[in-house]
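See structure below.
Numbering (full-length UniProt numbering), first residue to last: 1 to 139.
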């Protein structure tokens, strides 16, 4: 994860460079209650805020850390929307390494093939039958 300074530099750099790509993930559907139910103010602590943040972000760390998209910016927009957190709270509070959060021991995202729909013989038969009925109705 990025440090506070890297995050601020990234945001100001984005204003002067070509627009970065939209985040390939739908971050609106993340379960932000993982964070908002535990990280509550007015006295935010590292112990209460950082573990749930890691639980939420470490599985998608590759997309969040990719400077070619706006995932990080989008994530923090939603987090602030749902949790009404002070600006740069997580960037200041949850720095564990020079790069930010340490995701060792936190699950990696499932392989892409596990997210893809599985083609079973039944699915293929239903698809073929549906196409046959569709084509038959055309004539």
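We put the CB at the ideal spot given by N, CA and C, even for glycine.
Beta-carbon gap between residue 54 and residue 106 smaller than 8 Å = As a first step, residue 54 must be located in the chain shown, where it is residue number 54. As a first step, residue 106 must be located in the chain shown, where it is residue number 106. Closer than 8 Å, so yes.
Between the CA atoms of residue 52 and residue 61 - distance to the nearest angstrom = Reading the chain shown from its first residue, position 61 is the one you call residue 61. Reading the chain shown from its first residue, position 52 is the one you call residue 52. Whole-angstrom Cα-Cα distance: 14 Å.
ask   = Should residue 85 be labelled buried (16 or more other beta-carbon atoms within 10 Å of its own) or exposed?
value = The residue given as residue 85 occupies position 85 in the chain shown. By the neighbour-count rule (16 or more Cβ atoms within 10 Å), residue 85 is buried.
key: Same chain, Cβ closer than 8 Å to residue 38, five either side skipped, listed in chain order   = One-based indexing of the chain shown puts residue 38 at position 38. Closer than 8 Å at the Cβ level, and outside the excluded window around residue 38, lie 48, 49, 51 and 52.
request  = Return the residue from the list 90, 93 and 79 that minimises the CA-CA distance to residue 28.
outcome  = For the purposes of this step, residue 28 is taken as the residue at position 28 of the chain shown. When only C-alpha atoms are compared, the closest one is 79.
ask   = Any idea what DSSP makes of residue 69, helix, strand or coil?
value = Counted from its first residue, the chain shown places residue 69 at position 69. Note: residue 69 maps to strand in three-state DSSP.
inquiry  = Report the CB separation of residue 89 from residue 44 in whole angstroms; it is logged as a contact under 8 Å.
reply    = Your numbering for residue 89 matches position 89 in the chain shown. Your numbering for residue 44 matches position 44 in the chain shown. About 6 Å; that satisfies the 8 Å criterion.
query = What does a CB cutoff of less than 6 Å around residue 57 pick up in its chain, not counting 5 residues either side in sequence?
reply = Here residue 57 corresponds to residue number 57 of the chain shown, with the count starting at 1. 64.
inquiry  = I need the boundaries of the alpha helix (DSSP H) containing residue 91, first residue and last residue.
reply    = For the purposes of this step, residue 91 is identified with residue 91 of the chain shown, where counting begins at 1. Element bounds for residue 91: 89-93.
Buried or exposed (CB count within 10 angstroms, at least 16 for buried), residue 67 = In the chain shown, the residue the question calls residue 67 occupies position 67. Answer is exposed; the Cβ neighbour count stays below 16.
key: Inter-residue CB distance, residue 70 and residue 23 (contact presumed, cutoff 8 Å)   = Taking the chain shown and counting its residues from 1, one reaches residue 70 at position 70. Taking the chain shown and counting its residues from 1, one reaches residue 23 at position 23. Their Cβ separation, rounded to whole angstroms, is 5 Å, which keeps residue 70 and residue 23 in contact under 8 Å.
query = Is DSSP giving residue 74 helix, strand or coil here?
reply = For the purposes of this step, residue 74 is identified with residue 74 of the chain shown, where counting begins at 1. Reduced to three states, the DSSP call for residue 74 is helix.
query = With distances taken from CA atoms, which of 77, 40, 59 and 75 is nearest residue 104?
reply = As a first step, residue 104 must be located in the chain shown, where it is residue number 104. Nearest of 77, 40, 59 and 75 to residue 104, Cα basis: 59.
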